[in-house]
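As structure tokens, the structure follows; a few thoughts come after it.
Chains as they are written, first to last, in this note's numbering: chain A, 148 to 240; chain B, 1116 to 1584; chain C, 183 to 375.
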């Protein structure tokens, strides 16, 4: 069993980045920005945030093998499907 | 046998097998009526045969569940059953009530049966699977309450384990949800809506808890893997089964006048119902691979693994095939449903009861842990005969269903129902042949109880220690 | 091996493997829901874009910040128990529990607002998805809080130690999943149009 202490400072930096990206996402929505580019940027923020949570909070960066990638896969596959749907909707309108 | 009172399970198991034989005989009559419409008419019309086939299934599975509980609970609670006498009394009440009900179906026209039993006082009859006269339903409730009191007291006074708690919650849910059988609103949409609360929430809800608990019990006993490990898996499996199963009820609400959002809820959640069954398969094989000893009852282990696989295929895969609402729009109530129903009931519930019987019966009949090799070989033959023939029944019905859906519903030039039935008759014939093989398997199964009785049982062997590391 | 070194050291993620199987199953449900939302939106772009503006994105901001903060508090709780300080672990977990309660409170206000406006699952496809997705997540926050409380109570009673604290990591992993799902749900339902 891993018994290494958790380094708090790097987790706190990640926490602040997550807070910042959240406020940025909210501000974009509040400013009424819309369109494909904006949507995909916001989605990219979300996927990045998810990756940070998976790596640093859930501790997957210290894991090797398939479990290292489960959150990445979970972010990439729905992320790609959402991207595809939004690209198609932009074309359709 | 660790506790004397576990012996009350034996009559329950015997009755279950007896009714199972009846169910299969009526299944064969039904299968033939699909292709020879007036077979046995007017003595046993199709609707009566179908009612007996499905009702016998439910009743014998209930006998099996109760027998399993009476065997399992004392051992888990580490004390004698609260009242063995009450268990035996309820056995006879349930058996007589069940027999009278089936005789009523067979000997009296259904409307006459309704009149005789005072259905007008509290109308509950006439609904699929819940055809029992109101008085029989009341009897079922009384038997269920007495049963729950009996096992509940045993659990409360004794050691509380995850296995017995999950089993108890499952059985409690079974009894409570059955109360919706008494709710019979005039509004047809509402009627169907709550009817599913019994039917679906039984087989895709609380029964899965019973299944999980029995499987966990047999695996603990036969593999010697730590209880903690098995209980942990049981938690995860039942949590998933309940999340997907309860909201998955929505897959019955697509076309009965329920709100439209059920098409989404039902599709998404029921599409994930295979997950707990998949976990169950992984779990069962994992535990057997990690076994500490080779249990002498190989047949029971085979049934346990078979349950996991067939439940996943029948309930999981065959359920998924037609659960999404755009697919179900075409397949609803077709032979695809029949295919799914057959393999799911066999794989999940028939096989788990037979697993428990296979594990418990040798001990109930005074052996140490297992039947003789000869008896086990015959039993394993019956396993393969019944399981393989059920796979074929399912495949033939699936073939019939695909053709039916295409010709009758999907095609740009749809054909009438009876024309399509003529065209798929070959599949029905093949299904009937597979059904006969199933009966042979069932006879073989019964025979396994009567062979090799005097021969010694195989000895348990310890697993070799894994290489150091 | 120092944590965060060049070579990852563990085969399995922190916590009980069973909770990870459960987490994967849960994530799969949400993934299917997200994809269903995005593809259904294709047929109703204007409806979705219009009704999205009726949502309260300020409330969603507060809730997102609350969940992220709670996740960070849980990280600190795990760090504390690894140092052997089970009392601090309990305090951090109660803090996270409080953030979860804040989330439920704010979300309930949103629901109350919608309900008073007569909105239900049958109002339109957008609201069907919005209510379904957020409510399903809402239930997960509640379950996660039960787990957090159970861990906090056990930790306060000295049930975990520097050597044995798989339960803490198990609870933490589940809670992070609840946070993770919301991080995608928030922009998808409230912002992207």
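Every residue gets a Cβ at the ideal spot worked out from N, C-alpha and C, and that includes glycine. It should be emphasised that the depicted structure is a prediction, and the values quoted were computed from it without experimental measurement.
Check	Outcome
Sufficient close CB pairs (3 or more, under 8 Å) joining the region 211 to 223 of chain A to the region 343 to 356 of chain C	no
Within-7 Å CB hit, residue 197 of chain A to chain C	yes
C-beta neighbour in chain B for residue 329 of chain C, strict 7 Å	no
Beta-carbon neighbours of residue 239 of chain C, restricted to chain A and to distances below 7 Å	173, 176, 177
Residue nearest to residue 206 of chain A in terms of C-alpha spacing, selected from C/230, C/195, C/216	C/195
Whole-angstrom distance between residue 196 of chain A and residue 297 of chain C, CA atom to CA atom	32 Å
Interfacial residues, the region 263 to 295 of chain C to chain A, with Cβ spacing under 8 Å	264, 265
CB contact check: residue 1349 of chain B to chain C, cutoff 7 Å	no
CB-CB length for residue 1446 of chain B against residue 1385 of chain B, believed under 8 Å	Wrong, their Cβ atoms sit about 14 Å apart, outside the cutoff.
DSSP bridge partner residues for residue 1408 of chain B (one or two, in chain order)	B/1577
CB contact flag (residue 1202 of chain B, residue 1123 of chain B, <7 Å)	yes
Short CB-CB distance (under 7 Å) between residue 167 of chain A and chain C	no
Helix, strand or coil at residue 1373 of chain B [DSSP, three-state]	coil
Residue of C/192, C/351, C/365 minimising C-alpha distance to residue 211 of chain A	C/192
The region 1280 to 1288 of chain B touching the region 1258 to 1270 of chain B, judged by at least three CB pairs closer than 8 Å	yes
Simplified DSSP assignment, three categories, for residue 153 of chain A	coil
Classification of residue 1375 of chain B by the beta-carbon crowding that lies within 10 angstroms, buried from 16 upward	exposed
Close beta carbons around residue 1394 of chain B, own chain, < 7 Å, minus the five adjacent residues each side	1351, 1352, 1355
Proximity of residue 211 of chain C and residue 1387 of chain B at Cβ, strictly below 7 Å	yes
Under the three-state DSSP convention, the category residue 210 of chain A falls into	strand
Start and end residues, alpha helix (DSSP H) containing residue 1121 of chain B	No alpha helix (DSSP H) holds residue 1121 of chain B; DSSP gives it neither H nor E.
Proximal residues to residue 183 of chain C (C-beta, below 6 Å), its chain only, five neighbours per side dropped	Any answer about residue 183 of chain C is weak, because its pLDDT of 35 lies below 50 and its placement is not dependable; what the coordinates show is given next. Cβ neighbours of residue 183 of chain C beyond the five flanking positions: 191.
Touching by the beta-carbon criterion (3+ pairs, under 8 Å), the region 248 to 259 of chain C and the region 312 to 319 of chain C	no
Bridge partners - residue 192 of chain C, DSSP secondary structure assignment	A/210
Beta-carbon gap between residue 243 of chain C and residue 278 of chain C smaller than 7 Å	no
Neighbour flag for residue 238 of chain A against chain C, beta carbons, 7 Å	no
Neighbourhood of residue 1205 of chain B by C-beta, 7 Å cutoff - its chain only, sequence neighbours within 5 removed	1258, 1261, 1262
Cβ shell of residue 1577 of chain B (< 7 Å), same chain only, five flanking positions each side left out	1408
Sequence ranges, alpha helix (DSSP H) only - wholly within the region 1378 to 1448 of chain B, length at least 4	1389 to 1404, 1413 to 1426, 1433 to 1436, 1440 to 1446
Contact check, residue 1505 of chain B vs residue 1417 of chain B, beta carbons under 7 Å	no
Neighbour flag for residue 1436 of chain B against chain C, beta carbons, 7 Å	no
Contacts of residue 1389 of chain B in chain C (Cβ-Cβ under 8 Å)	In chain order: nothing, as chain C lies at least about 11 Å away.
Simplified DSSP state of residue 1162 of chain B, which is helix, strand or coil	helix
Closer than 7 Å to chain B by CB, residue 205 of chain C	no
Rounded straight-line distance, which links the Cα of residue 1312 of chain B to that of residue 1371 of chain B	14 Å
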